[in-house]
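Only one structure is covered here, and it is reproduced in the block below.
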Amino acid sequence: MPHPDSIVEQLARIDPVPLFVALLVGGLIGFEREIHGRPAGLRTHMLVCLASAVLIQASRTIPTGLPSQSDAFRVVMDPNRLAAGIVTGIGFLGAATVIRAGDIVRGITTGASVWSVAGLGIVVGQGEYAMALVASLIVLLLLAVVDRFTRGIRPVIYRRVVVRGERSELTKLSEAVGAILKGHGIRVQDLSGSRGSIEMPFELVFHVRCRNVKQAPEMLELISAQKGVTSVEWSEISH
Numbered sequence: 000m001p002h003p004d005s006i007v008e009q010l011a012r013i014d015p016v017p018l019f020v021a022l023l024v025g026g027l028i029g030f031e032r033e034i035h036g037r038p039a040g041l042r043t044h045m046l047v048c049l050a051s052a053v054l055i056q057a058s059r060t061i062p063t064g065l066p067s068q069s070d071a072f073r074v075v076m077d078p079n080r081l082a083a084g085i086v087t088g089i090g091f092l093g094a095a096t097v098i099r100a101g102d103i104v105r106g107i108t109t110g111a112s113v114w115s116v117a118g119l120g121i122v123v124g125q126g127e128y129a130m131a132l133v134a135s136l137i138v139l140l141l142l143a144v145v146d147r148f149t150r151g152i153r154p155v156i157y158r159r160v161v162v163r164g165e166r167s168e169l170t171k172l173s174e175a176v177g178a179i180l181k182g183h184g185i186r187v188q189d190l191s192g193s194r195g196s197i198e199m200p201f202e203l204v205f206h207v208r209c210r211n212v213k214q215a216p217e218m219l220e221l222i223s224a225q226k227g228v229t230s231v232e233w234s235e236i237s238h
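Just so it is clear: in the sequence shown, position 162 is 161 by numbering that gives the first Met the number 0, and no numbers are missing.
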């Protein structure tokens, strides 16, 4: 059995270039996430990129550095299989950055950036430094520039408009509220409701589809001004 190399000999074989390139690539993307206050910031991205590069670099150098090696050992240290395992494993870390508050989901982009730096670390570990640097700049461009572009996009959202009022005005209010919503480009997809005794107010629930242009204050004001309305609620649709 061959005698293992000393620590000094092992240190002499280490190539520091991929380590520093991995820190640079992960740091560039992590810094952008850090200044935006994301849960995975500078340190997380640097660690993920560095670890990926180290694992790939080790899988390439350790087998070739041993005097005798079995076929089984070559399979275990296969860089391609290790890269697939890294990408899969980092998916769990990326999922941990996703936060949901009501129907607002945050952290998906940060999770994608963590997954991206893992892939960049694999590229660095393979020695493709130029590709990794160019790809990291493209990722930064997507995060910084495309973010400004998407701010102007008004996505489709789904809301519940709950109108409560006097029972004698039920039919009139149903038609009036529907006309108000339609006049503002809000599509009513469904209408449900409930009513009790004559003394109890009725409840109409409009399930609507609209563009997110912050219509809630205006809609609440217009609907609450209708005769017979006792309360109005504009809320998200429960999932």
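Beta carbons: idealized from backbone N, C-alpha and C, even for Gly.
These figures come from a predicted structure and were not determined experimentally.
Give the DSSP bridge partners of residue i, in chain order.
i, result
"cysteine 209", "Ile156"
"tryptophan 233", "Val160"
"valine 204", "Val161 and Ser191"
Could you tell me the distance, in whole angstroms, from the CA atom of residue i to the CA atom of residue j?
i, j, result
"phenylalanine 205", "alanine 224", "17 Å"
"valine 144", "glutamine 125", "29 Å"
"valine 47", "arginine 12", "23 Å"
"lysine 226", "serine 173", "12 Å"
"valine 123", "valine 113", "15 Å"
"proline 200", "leucine 142", "50 Å"
"proline 38", "glutamine 214", "31 Å"
"arginine 118", "glycine 36", "Rather than arginine, the amino acid found at residue 118 in this sequence is glycine. About 23 Å."
"lysine 181", "isoleucine 34", "42 Å"
"glycine 25", "serine 58", "21 Å"
"glutamate 192", "histidine 183", "Residue identity check: residue 192 is glycine in the sequence provided, not glutamate. Roughly 22 Å separates the two Cα atoms."
"valine 74", "leucine 81", "The predicted model places valine 74 with a pLDDT of 48, which falls under 50 and marks its position as unreliable; any figure quoted below should be read in that light. Using only the alpha carbons, I get a separation of about 10 Å."
Near residue i, what residues of its chain come up, given a Cβ to Cβ distance below 7 Å and the 5 sequence neighbours on each side ignored?
i, result
"glycine 110", "Gly93, Ala94, Thr96 and Val97"
"leucine 148", "In the sequence as displayed, the identity of residue 148 is phenylalanine instead of leucine. No residues qualify anywhere along the chain."
"isoleucine 156", "Cys209 and Asn211"
"glutamate 31", "Leu139, Leu142 and Ala143"
Start and end of the alpha helix (DSSP H) containing residue i?
i, result
"leucine 22", "15-34"
"isoleucine 6", "6-12"
"arginine 59", "41-60"
"alanine 178", "169-182"
"serine 196", "Per DSSP, serine 196 belongs to no alpha helix (DSSP H) and is neither H nor E."
"leucine 142", "Run containing leucine 142: none; DSSP gives neither H nor E here."
"alanine 215", "215-223"
In terms of residues, what are the limits of the beta strand (DSSP E) holding residue i?
i, result
"glutamine 188", "186-193"
Here's a check: name, in chain order, each residue in its chain whose Cβ is nearer than 6 Å to the Cβ of residue i, leaving out the five neighbours to either side.
i, result
"valine 165", "This sequence places glutamate at residue 165; valine is not what is there. Only Gly227 meet the Cβ criterion."
"alanine 52", "Pro17, Ala21, Gly120, Val123 and Gly124"
"arginine 186", "Arg208"
"alanine 175", "Gln225"
"valine 161", "Val204 and Glu232"
"phenylalanine 72", "Caution applies to phenylalanine 72, whose pLDDT of 47 falls short of 50 and renders its modelled position unreliable; the model cannot decide the point."
Please decide whether residue i counts as near chain D, where near means a Cβ-Cβ distance under 8 Å.
i, result
"valine 187", "Checking the listed chains, one finds no chain D in this structure; it contains a single protein chain."
Which same chain residues end up closer than 8 Å to residue i when comparing Cβ atoms and leaving out the 5 residues on each side of it in sequence?
i, result
"lysine 171", "Lys226 and Gly227"
Would you mind listing the beta strand (DSSP E) stretches within the stretch 73-140 that are 3+ residues and don't spill past its ends, in chain order? You should have 98-100 and 103-105.
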